[in-house]
Structures are given as structure tokens and as C-alpha cells.
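Comments concern the structure below.
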Amino acid sequence: MGGKWKALILWELTDGPQRFGQLRRQVDDMSERVLILQLRELEACGLVHRELYHQVPPRVEYSLTDLGQSLIKAMIPLGEWGEQNMATIESLGRGD
Numbered sequence: 009m010g011g012k013w014k015a016l017i018l019w020e021l022t023d024g025p026q027r028f029g030q031l032r033r034q035v036d037d038m039s040e041r042v043l044i045l046q047l048r049e050l051e052a053c054g055l056v057h058r059e060l061y062h063q064v065p066p067r068v069e070y071s072l073t074d075l076g077q078s079l080i081k082a083m084i085p086l087g088e089w090g091e092q093n094m095a096t097i098e099s100l101g102r103g104d
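Residue 9 is where the sequence shown starts when you use the working numbering, and the numbers rise one by one after that.
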């Protein structure tokens with residue numbers, strides 16, 4: 009689960025399945041190429057499911073697997089800890 013983007017992608021999928029374009033807009037600092045690579049890695053790890061709809065034009069949706077949902081549940085306390093300690097973390101980064 010390394011990298012700075014994977015957690016953000018997983019978090020964006022907590023509201024339900026999303027198309028590639030939706031994800032791309034929500035994580036706008038990430039290039040399209042990086043998003044594709046990150047999604048492939050998450051899919052290979054079994055955290056994200058990719059559903060291809062055979063229609064014209066083709067449509068792809070990404071969603072969390074059960075394993076991905078369980079990881080999100082484990083990440084919530086870490087996110088809460090980060091929010092509670094943000095001032096300390098930022099001051100350490102500045103060298104205060």
C-alpha cells in the first residue's frame with residue numbers, strides 16, 4: 009500500500025463505484041498515467057474491482073472490494089490521529 013495516491017483513491021471509492029473520469033477529476037493533482045498505474049496496482053492487490061461494461065463507448069467503473077472496505081475501516085483511526093496531531097506534525101516539518 010505504498011505511495012501517496014493509493015489511500016486517496018481508496019478514500020474516493022468509499023461513496024460507491026466511480027468511473028475513471030470521476031476519479032480523475034477528484035484527484036486532480038495526479039496525472040492520468042499515474043492514476044491508471046495506481047488503479048492497476050490496487051486491482052492486483054485485490055483492493056479495487058474493475059467492472060468493464062461492453063457498450064459504445066466502453067464504460068469502466070471502479071469499486072472497493074470487501075478487502076478494500078476492510079482496509080478503509082483500518083485507515084479511519086489513522087486519519088483521525090493525523091487530524092488530531094496536525095499542528096504538531098506541521099511544526100515538526102517546519103523545524104519549529
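Backbone N, C-alpha and C define an ideal beta-carbon position, used for all residues, glycine too. Just so we're clear, the structure is a prediction, and the values are computed from it rather than from any experiment.
Asked: Given this structure, state the Cα-to-Cα distance separating S39 from L31, to the nearest angstrom.; Found: 11 Å
Asked: Kindly indicate which three-state DSSP category V42 falls into: helix, strand or coil?; Found: helix
Asked: Measuring straight from C-alpha to C-alpha, what distance separates L72 and A15?; Found: 12 Å
Asked: Buried or exposed: where does I17 fall if 16 or more other Cβ atoms within 10 Å of its Cβ makes it buried?; Found: buried
Asked: At which residues does the beta strand (DSSP E) containing L72 begin and terminate?; Found: 67-72
Asked: Could you work out which residue in E51, T96, A95, K12 is closest to Y70 when comparing CA atoms only?; Found: E51
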